Structure formats: C-alpha cells, structure tokens
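Taken in sequence, the protein lines are chains A and B.
For the first sequence, my numbering begins at 1 and goes up steadily by one.
For the second sequence, my numbering begins at 385 and goes up steadily by one.
There are 2 protein chains.
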Amino acid sequence: MQVLVYGAGQLAQMMYLDGAALGINVMAVDVNNNTVVHPVSKLPLECTLEQAIELADALTVEFEHVPEPLLEQAQASGKLYPGIDAILVGADRVREKALLSGLAIPNCPYQVVDDLAQLDSCVDKLGERLIIKASRDGYDGYGQWRLKTASELPALKSQLAELDLKKVPLVVEQMLSFDREVSLIGARSKSGQVVVYPLAENLHHEGQLHVSVAPAIASSAALNEQARDIFTKLVNGMDYVGVLAVELFQCGDELLVNELAPRVHNSGHWSQAGSPTSQFENHLRAVLDLPLGLACNTGGEAAVSAMINIIGCDNHNMALLGVPGVHFNWYGKTVRRKRKMGHINVTASNYAELGSKLLSLSEYLSLAHFPCLSEEASRLASES
Amino acid sequence: MQVLVYGAGQLAQMMYLDGAALGINVMAVDVNNNTVVHPVSKLPLECTLEQAIELADALTVEFEHVPEPLLEQAQASGKLYPGIDAILVGADRVREKALLSGLAIPNCPYQVVDDLAQLDSCVDKLGERLIIKASRDGYDGYGQWRLKTASELPALKSQLAELDLKKVPLVVEQMLSFDREVSLIGARSKSGQVVVYPLAENLHHEGQLHVSVAPAIASSAALNEQARDIFTKLVNGMDYVGVLAVELFQCGDELLVNELAPRVHNSGHWSQAGSPTSQFENHLRAVLDLPLGLACNTGGEAAVSAMINIIGCDNHNMALLGVPGVHFNWYGKTVRRKRKMGHINVTASNYAELGSKLLSLSEYLSLAHFPCLSEEASRLASES
Numbered sequence: 001m002q003v004l005v006y007g008a009g010q011l012a013q014m015m016y017l018d019g020a021a022l023g024i025n026v027m028a029v030d031v032n033n034n035t036v037v038h039p040v041s042k043l044p045l046e047c048t049l050e051q052a053i054e055l056a057d058a059l060t061v062e063f064e065h066v067p068e069p070l071l072e073q074a075q076a077s078g079k080l081y082p083g084i085d086a087i088l089v090g091a092d093r094v095r096e097k098a099l100l101s102g103l104a105i106p107n108c109p110y111q112v113v114d115d116l117a118q119l120d121s122c123v124d125k126l127g128e129r130l131i132i133k134a135s136r137d138g139y140d141g142y143g144q145w146r147l148k149t150a151s152e153l154p155a156l157k158s159q160l161a162e163l164d165l166k167k168v169p170l171v172v173e174q175m176l177s178f179d180r181e182v183s184l185i186g187a188r189s190k191s192g193q194v195v196v197y198p199l200a201e202n203l204h205h206e207g208q209l210h211v212s213v214a215p216a217i218a219s220s221a222a223l224n225e226q227a228r229d230i231f232t233k234l235v236n237g238m239d240y241v242g243v244l245a246v247e248l249f250q251c252g253d254e255l256l257v258n259e260l261a262p263r264v265h266n267s268g269h270w271s272q273a274g275s276p277t278s279q280f281e282n283h284l285r286a287v288l289d290l291p292l293g294l295a296c297n298t299g300g301e302a303a304v305s306a307m308i309n310i311i312g313c314d315n316h317n318m319a320l321l322g323v324p325g326v327h328f329n330w331y332g333k334t335v336r337r338k339r340k341m342g343h344i345n346v347t348a349s350n351y352a353e354l355g356s357k358l359l360s361l362s363e364y365l366s367l368a369h370f371p372c373l374s375e376e377a378s379r380l381a382s383e384s
Numbered sequence: 385m386q387v388l389v390y391g392a393g394q395l396a397q398m399m400y401l402d403g404a405a406l407g408i409n410v411m412a413v414d415v416n417n418n419t420v421v422h423p424v425s426k427l428p429l430e431c432t433l434e435q436a437i438e439l440a441d442a443l444t445v446e447f448e449h450v451p452e453p454l455l456e457q458a459q460a461s462g463k464l465y466p467g468i469d470a471i472l473v474g475a476d477r478v479r480e481k482a483l484l485s486g487l488a489i490p491n492c493p494y495q496v497v498d499d500l501a502q503l504d505s506c507v508d509k510l511g512e513r514l515i516i517k518a519s520r521d522g523y524d525g526y527g528q529w530r531l532k533t534a535s536e537l538p539a540l541k542s543q544l545a546e547l548d549l550k551k552v553p554l555v556v557e558q559m560l561s562f563d564r565e566v567s568l569i570g571a572r573s574k575s576g577q578v579v580v581y582p583l584a585e586n587l588h589h590e591g592q593l594h595v596s597v598a599p600a601i602a603s604s605a606a607l608n609e610q611a612r613d614i615f616t617k618l619v620n621g622m623d624y625v626g627v628l629a630v631e632l633f634q635c636g637d638e639l640l641v642n643e644l645a646p647r648v649h650n651s652g653h654w655s656q657a658g659s660p661t662s663q664f665e666n667h668l669r670a671v672l673d674l675p676l677g678l679a680c681n682t683g684g685e686a687a688v689s690a691m692i693n694i695i696g697c698d699n700h701n702m703a704l705l706g707v708p709g710v711h712f713n714w715y716g717k718t719v720r721r722k723r724k725m726g727h728i729n730v731t732a733s734n735y736a737e738l739g740s741k742l743l744s745l746s747e748y749l750s751l752a753h754f755p756c757l758s759e760e761a762s763r764l765a766s767e768s
C-alpha cells in the first residue's frame with residue numbers, strides 16, 4: 001500500500017515511520033517545488049507528482065495550507081482523505097466558523113470583519129476584550145491581534161490598515177476567560193468507524209504548544225463524552241476521513257471549539273508512546289479503510305503521558321534518556337527560532353510519577369527553551 | 385548520530401525505524417555485495433562501505449554469519465559493537481560451548497566431534513538420544529541431525545560422511561527432555577549498564593520460531609532472577625555491548641543455555657508493542673552509549689504480549705487489524721517457503737484476554753501457515 005502526503009515535515013516523517021512497519025509506503029510532496037521526496041531523508045524520489053498520485057492508494061495532507069491548485073489536483077484523483085472541503089475548513093477561519101455554527105457546535109462568539117469600520121460594531125456586540133485573527137494563513141500565533149480595551153481600537157486599526165480584508169477577512173472573537181485548553185484527537189475511517197483518544201490538556205507559551213498531558217487531569221467521563229459528541233458531529237457532518245484534531249476551551253463543565261486541524265496534530269504526539277495505536281498509524285488506517293486501532297491510554301507504566309515540544313534549540317543532553325519512560329523524537333531539521341525541532345514523550349503510571357519524571361527531565365532542559373516545564377512538573381507532582 | 389548495520393534484512397529495517405524517530409540514522413550493508421543500502425527501500429546509498437564506516441558512530445550486525453573479512457574490517461575501526469569475538473561466539477557452536485563452560489553457565493552436556501569415529505564415544509558418554517549440530521552456518525534448524533537409538537548410528541554416519549569435520553566440527557549434545565523453551569533478551573551499554581526484558585516463552589515448529597509470549601506464563605521472580613544472572617555473567621564475561629539473546633531450556637526450576645544470538649532477536653519482537661522501549665531502540669542506545677530504556681512489560685492494556693511470525697505466506701487479510709491490540713509488522717520481502725515475511729504483535733491486559741485475541745486472529749490466519757496459533761490461543765485463554 002502507498003500513501004502520498006502533501007507536506008514533507010515531521011508529521012509526514014512520523015507517518016512514514018509508522019507506515020513502514022505496517023508495510024505501507026509513505027511518500028511526501030514538498031509543496032514548495034512539487035517534488036516527491038522521501039519523508040525522512042527529504043531526498044527526491046524517482047517519481048513525478050503525477051506518477052505518485054497514480055501510484056498511491058490514498059492521498060492526504062500534513063498541513064492545511066497546501067496551495068489550492070495542488071489540493072484540487074489531489075481531489076480530482078478521488079483519493080484525497082480528508083477531502084478538499086475539510087482541508088479548507090482547517091485553512092480558513094470563516095469556513096470553520098460557518099461549519100461550527102451550521103452544526104450547532106459550541107464555539108466562541110464571533111463576527112467576520114471585511115472592513116475595519118466593522119470593528120466598532122464588534123465591540124458593541126462582543127465586548128471590548130477581543131481576539132482578532134486573520135482568517136487564513138494564521139499558524140502558531142502568527143496573524144493574531146488582541147484588543148483589551150476599546151481605547152486601543154484606533155491603534156489596532158492603524159496596525160491592520162495594510163491588510164486586504166476583502167481577500168482575507170478577519171474573524172473577531174470574544175476573549176473568553178476559560179479554565180484551560182484541551183484537545184480531542186480522533187479518527188474516522190472511510191467505512192465510518194470512529195475512535196477518539198482521551199482529552200489532552202495543552203499548555204501554550206507565546207502562541208505555541210509546549211506541553212500536552214493525556215489524559216487531561218480531572219477530565220471526567222462526562223467531559224470526554226461531550227468531546228466525543230462534538231467530534232462525532234463534526235466528522236459525520238463533514239463525511240470526514242482521517243485524523244481530526246479539535247482544539248477546545250474548557251469553561252467550567254463546558255467545552256467550546258477553538259480551532260480544527262484536519263490532520264494529525266502536535267497535541268496527539270503523546271499517543272506514540274502512550275497509546276496502543278499512535279495517531280499516525282490510525283490516520284493511515286483511516287485513509288486506507290483499514291480497521292482502526294485502540295485509542296486509549298495504554299495503562300500500567302503508560303497510564304498517563306506527557307509530550308514536551310523541543311522548540312528553537314538543538315543542544316539537548318542525551319543523558320535525558322536516563323529518565324525512565326522517556327521517548328525521544330527528533331525531526332532532523334536545521335534549528336531556527338521558534339521552530340519545532342522534536343518532542344519528548346514521557347509515560348508514567350500516575351500523574352505524581354509523571355511530574356517527578358518531568359522534574360528530572362527539567363534538569364537537562366533549559367528554562368529559556370522549556371518555559372512551561374518545571375511549573376507543569378510541580379503541578380503534576382502534587383497530584384495524588 | 386549514525387549507525388552502520390551489517391545485514392540488510394528486517395532486523396536492520398526495524399533498527400532504522402526506531403532509530404529514525406530518535407534522530408539516529410541507520411544504514412545497512414548488504415553483505416552479498418558490500419554495498420551500503422537504505423534499510424527499508426534496500427536502494428544503494430551514495431556512499432562506499434569505507435565511507436560509511438568512517439561516518440558511523442557505531443557499527444553493529446543484524447546476524448552473526450557476516451563474512452569474517454568484513455567483520456575484521458569493522459573491528460579494525462574500533463567501533464564494532466558487539467565486538468568480533470562475541471559475534472563469532474554466536475556463529476560457531478564450538479566457541480559458544482567453550483564460552484559457556486568457561487563461565488560455568490549451565491548448558492546441555494556435549495562433545496565436539498571432528499571425526500565420525502568419535503560418535504561412538506558420544507553415545508557412551510551422553511547416551512543414545514543425541515542432537516548433532518554443525519558448529520557453523522547452522523540457522524533455523526538447518527545443519528541439525530538427531531539420533532534416537534544407537535542402532536541409527538551407521539545410517540547417520542553415512543549421512544554425515546561428506547562433511548569436512550576438520551573444517552566445521554560437529555557439536556553433539558544430549559537430547560534433553562525439557563519442559564519448555566524460553567529466551568532472555570537484554571542489553572548492555574558501552575558504560576556497562578544492563579537491562580533485561582522478562583523471560584519470553586517460545587513455540588517452535590519444524591525448527592522455526594512461530595509464537596513468543598512475554599512474560600512467559602508462570603515465570604517466577606526466581607526464574608527471571610536466574611536468567612538475569614546468566615545474562616549478566618555472559619555480558620560481563622564477554623565485555624559485551626548491545627542486545628544479546630539467550631535461548632534457554634527450562635527443566636523444572638532450572639535453566640540451561642541452548643544458544644546465544646549476539647544481536648536483536650525474533651523472540652524479542654514483542655517488545656515493540658509490549659514494552660516502553662523496544663529491543664531495537666535499546667540496542668541502538670547500547671552501542672551509542674546512551675542510557676538504556678525500561679525493559680519491562682508496559683502493563684495495563686499491554687501487560688502481556690504475544691508475537692506471531694508470518695512465515696512463507698503473504699496473503700493475509702488486513703481485516704485482522706480489527707482485533708484490538710494488534711500491531712502488524714511487514715518486512716516487504718518476496719515470499720518464499722519458510723521465509724519470515726513479517727510478524728504480528730498482540731497486547732492484552734491478561735493471558736485469558738490475550739488467548740481470546742489470538743483466537744480471533746486465528747480466524748484470519750490459515751492453520752497451514754500458523755500451525756501453533758489456535759492451540760496456543762486455547763492454552764492462554766484457559767489461564768485465569
């Protein structure tokens with residue numbers, strides 16, 4: 001079996017590694033030059049894009065910002081999973097909001113703005129604490145602005161003055177005071193089988209995910225059920241095939257959808273070490289219409305998991321492998337500021353042990369690059 | 385980090401896949417033509433053997449029958465782990481027996497024979513029930529003969545008459561009546577750190593491993609301790625670095641060493657799904673002198689594991705992935721009679737559940753190619 005992935009970054013690489021074990025050959029498309037490359041070495045394969053499309057049993061994406069002509073060519077093959085509509089929902093906040101509203105799925109109150117003058121009425125309708133997001137090309141905190149009081153409106157407007165809002169409108173959302181950010185990763189196969197992983201809790205810093213913990217502490221069966229309902233409505237509503245990531249805000253006992261990612265997702269990386277089936281394997285199974293695998297936490301020594309992103313640095317001390325239950329993952333990229341270079345999965349039999357392992361890890365990892373780590377370690381370590 | 389593996393089969397492939405996640409690049413040597421190839425695609429890499437040796441941080445082997453000139457070249461680099469002596473112990477039963485006797489490790493009573501006339505004294509010393517093994521190139525049951533009564537001696541002698549016993553002596557062993565075959569897989573790092581996996585029980589059919597179960601049913605702490613002692617004596621005695629597999633016969637409460645394999649081993653494949661660290665990752669960690677990872681059964685949904693070899697067939701129904709806890713592994717080789725094509729790992733929370741999963745699996749797998757499966761499934765299913 002062959003799968004072609006648009007995008008040749010770490011997500012394609014991790015699909016390749018899980019696929020290879022299963023006898024599934026994953027190839028990647030470098031969307032900057034439309035060449036077909038090996039997902040690990042990134043070296044060109046002797047195969048044109050057209051040949052690879054022909055050869056593949058399924059096509060998929062590792063990110064939602066694939067150029068539309070490429071997506072249309074992929075869709076025309078009849079083998080693109082998820083389909084172009086679902087991918088564009090992930091790439092365009094206006095479409096995303098329309099989908100959520102159409103399916104009556106709770107999300108943050110919002111307005112679409114294609115003229116800066118409309119910002120005043122946003123303040124009237126949503127209040128003066130707002131998050132303003134470009135509807136497209138927003139990624140990891142780029143293209144986002146905040147309004148804290150109405151008095152900042154004139155300054156904000158001049159900051160946004162150069163944007164072409166007719167081409168790329170803004171989605172203006174009420175800034176909610178939520179308790180925490182969680183995410184649900186799940187998969188739906190071509191045959192309609194659905195599995196979901198337990199809710200993960202996500203810690204962000206400067207707009208980037210730094211740490212995920214799964215299952216999220218104190219996530220009740222009811223909360224997971226609520227998340228599962230949202231997921232099922234979404235995937236059935238879109239006739240979605242593959243792994244879908246749903247980022248959520250938890251406000252008390254209620255979950256609001258913040259964002260969708262039509263792909264495997266950073267907050268699901270813990271599943272590589274912490275679940276019987278990783279999100280990468282389940283994505284491949286889903287798009288190839290194979291039965292999906294167990295998506296629970298494994299239990300035992302892997303009852304709880306943490307995922308720690310390695311961002312913007314490559315000078316880690318590999319002695320960190322001496323911390324029991326550490327699973328190191330490296331993407332082989334050149335270091336750049338704010339670039340995701342790899343991640344560390346840690347498994348433990350309970351939260352307190354997980355916290356103490358993170359504390360041990362933090363001795364090898366600098367506070368400058370891992371700003372959330374020791375605080376999260378202490379929080380977990382204090383769990384009984 | 386770079387590791388060069390002599391041999392380009394499934395063991396090198398699985399080392400590559402686990403290494404790639406860690407940022408370790410594994411290259412393979414096809415020892416038939418001394419080319420350096422990609423361990424998955426088997427395509428030649430743009431690199432001579434000499435360049436690859438120079439580039440590598442460590443050299444290792446996936447099988448013990450690497451031509452000696454190649455091993456000597458590897459050893460001369462100062463980076464071969466395990467070293468040539470340990471590899472040759474695995475390739476030569478005379479050396480193996482000498483090592484075991486030298487370290488006073490229990491093994492089957494034996495005689496070395498380099499002249500057929502000596503067979504008569506073997507019968508005198510060891511009894512008339514004997515296993516006769518070529519000291520070299522024996523692999524998976526090839527090069528082995530059995531004597532059941534002394535009356536078969538003349539026929540056996542004429543069968544062996546064409547062998548050059550001065551070049552390749554025979555090792556003649558007493559045929560023991562043992563209770564079962566188990567194996568211990570463990571690793572020792574360059575720094576001398578040692579980890580061992582739980583004892584696995586192995587079911588053979590016509591000289592080939594078909595099913596492993598880990599931990600072996602009813603393997604007491606004392607039995608595991610005995611195995612660990614044997615392992616520690618061996619690796620410290622040889623100053624061994626890497627994963628070593630020790631095949632053992634269990635007779636009552638006593639373990640006798642049957643055979644050593646100086647490499648990752650088929651009976652340790654269960655660790656991919658059933659342990660926090662696979663034998664492949666621990667082998668790479670060991671030869672690169674990184675801290676070793678946890679080698680226990682994970683627990684929870686992966687408290688017990690089975691590994692089922694797929695031998696001599698490639699027409700499996702992928703619907704078998706619908707059995708929960710199934711992990712499919714495929715080597716991408718052309719099918720041949722008795723050839724290991726892939727394996728299936730199955731994890732469960734207890735033996736009874738494992739048995740019932742194997743029973744479900746056996747519905748997809750033919751009795752002809754999986755002769756031990758349903759019987760083993762029933763045996764496990766009846767465990768309380």
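Each residue gets a CB set at the ideal place from its N, CA and C atoms; glycine is no exception.
If you're wondering where the values come from, they're calculated on a predicted model, not measured in any experiment.
_Please tell me whether A20(A) has its Cβ less than 8 Å away from any Cβ of chain B._
Under the 8 Å criterion on CB atoms, A20(A) is classed as interfacial with respect to chain B.
*Residue burial classification, P660(B) (beta-carbon count within 10 angstroms, cutoff 16)*: With 16 or more other CB atoms across the displayed protein chains lying within 10 angstroms of its CB, P660(B) is buried.
*Please work out which residues of its chain come closer than 7 Å, Cβ to Cβ, to A381(A), disregarding the five sequence neighbours upstream and downstream, and give them in chain order.*
Here A381(A) has A352, G355, S356 and L359 as same chain residues with Cβ atoms under 7 Å from its own Cβ, once five neighbours each way along the sequence are excluded.
_Does R530(B) pass the burial test, meaning 16 or more other C-beta atoms within 10 Å, or should it be called exposed?_
Exposed, since its Cβ has fewer than 16 Cβ neighbours within 10 Å.
*Excluding the five sequence neighbours on either side, which residues of its own chain have a C-beta within less than 6 Å of the C-beta of P490(B), listed in chain order?*
L640.
*Quick one, are the C-beta atoms of R339(A) and F63(A) less than 8 Å apart?*
Not a contact, by the Cβ cut-off of 8 Å.
*What are the complete alpha helix (DSSP H) segments, minimum 4 residues, inside the region 398–456 of chain B?*
433–439, all fully within the region 398–456 of chain B.
*Limits of the beta strand (DSSP E) - the one that T718(B) falls within*: Looking at the DSSP string, T718(B) is not in any beta strand (DSSP E), and its letter there is neither H nor E.
*Figure out for me which residue from G570(B), S542(B), D498(B) and V415(B) has the closest Cα to the Cα of N666(B).*
Per the Cα distances, G570(B).
_I'd like to know if L365(A) contacts chain B, where contact means its C-beta is closer than 8 Å to some C-beta of that chain._
The beta carbon of L365(A) sits no closer than 8 Å to any beta carbon of chain B.
*So, using beta-carbon positions, are L433(B) and V413(B) closer together than 8 Å?*
Cβ atoms of L433(B) and V413(B): closer than 8 Å.
*Check the Cβ of R572(B) against every Cβ in chain A and list those closer than 9 Å, keeping chain order.*
When 9 Å is used as the limit between beta carbons, R572(B) is near no residue of chain A, the shortest such separation being about 15 Å.
_Rounded separation between M385(A) and L59(A) - CA only_ = Residue 385(A) lies beyond the range of chain A shown here (1 to 384); nothing can be said about it.
*Leaving out five residues before and five after L455(B) in sequence, what residues of the same chain have Cβ atoms less than 7 Å from its Cβ?*
Apart from the 5 residues on each side of it in sequence, L455(B) sits with its Cβ closer than 7 Å to the Cβ of I468 and I471 in its chain, given in chain order.
*Measure from the C-beta of G141(A) to each C-beta in chain B and report whether the shortest distance is under 8 Å.*
Residue confidence is low: G141(A) scores 49 on pLDDT, short of 50, so the model does not pin down where it sits. Its coordinate-derived value is still stated next. By this cut-off, G141(A) is not an interface position.
*Is L184(A) helix, strand or coil when you go by DSSP?*
If DSSP states are grouped into helix, strand and coil, L184(A) belongs with the strands.
*asked:* Please confirm whether F712(B) has its beta-carbon closer than 8 Å to some beta-carbon of chain A.
replied: Yes, its Cβ sits closer than 8 Å to a Cβ of chain A.
_Give me the residue from N266(A), A377(A), K190(A) and L321(A) with the minimum Cα distance to K79(A)._
Among N266(A), A377(A), K190(A) and L321(A), the Cα nearest to that of K79(A) is on K190(A).
*Helix, strand or coil: which one does DSSP assign to S212(A)?*
In this structure, S212(A) counts as strand in the three-state DSSP scheme.
*Nearest CA to the CA of F231(A): which residue from K97(A), E54(A), V195(A) and S212(A)?*
Closest by C-alpha distance to F231(A), out of K97(A), E54(A), V195(A) and S212(A), is V195(A).
*Residues, ordered as in the chain, of the region 300–316 of chain A that lie near chain B by beta-carbon distance below 7 Å*: Of all residues in the region 300–316 of chain A, G300, E301, A302 and A303 have a Cβ within less than 7 Å of some Cβ in chain B.
*If you pair each beta-carbon of the region 210–228 of chain A with each one of the region 157–169 of chain A, do three or more pairs fall below 8 Å?*
No, they do not touch.
*Going by Cα to Cα distance, which pick from A404(B), D521(B), V389(B) and Y400(B) is closest to T419(B)?*
When C-alpha distances from T419(B) are compared across A404(B), D521(B), V389(B) and Y400(B), the shortest belongs to V389(B).
*S662(B) to M399(B), Cα distance in whole Å?*
So the alpha carbons of these two residues sit roughly 10 Å apart.
*Could you tell me whether the Cβ of T347(A) comes closer than 8 Å to any Cβ of chain B?*
Nearest CB-CB separation between T347(A) and chain B: below the 8 Å threshold.
*Sorted by chain position, which residues of the same chain lie with C-beta nearer than 7 Å to K509(B)'s C-beta, five sequence neighbours on each side aside?*
In the same chain as K509(B), and ignoring 5 residues on each side of it, the C-beta atoms closer than 7 Å to its own belong to Q495, in chain order.
*Once you ignore the five residues that flank V424(B) on each side, which residues in its own chain have a CB closer than 8 Å to its CB?*
Excluding residues within five positions, the ones whose Cβ falls inside 8 Å are Q397, Y400, L401 and G716.
*What residue does the alpha helix (DSSP H) around C251(A) start on, and which one ends it?*
Taken as a continuous stretch (DSSP letters only), C251(A) belongs to no alpha helix (DSSP H), being part of the beta strand (DSSP E) at G242 to C251.
*Quick one, are the C-beta atoms of R477(B) and V555(B) less than 8 Å apart?*
The Cβ atoms of R477(B) and V555(B) sit closer than 8 Å to each other.
*Under 8 Å between beta-carbons, which chain A residues line up against P493(B)? List them in chain order, please.*
The CB of P493(B) never comes closer than 8 Å to any CB in chain A; the least such distance is about 41 Å.
*Go through the region 665–739 of chain B residue by residue and report every complete run of the beta strand (DSSP E) that reaches 3 residues or more, in order.*
Those beta strand (DSSP E) runs which fall completely within the region 665–739 of chain B and span 3+ residues are 688–695, 710–714 and 724–732.
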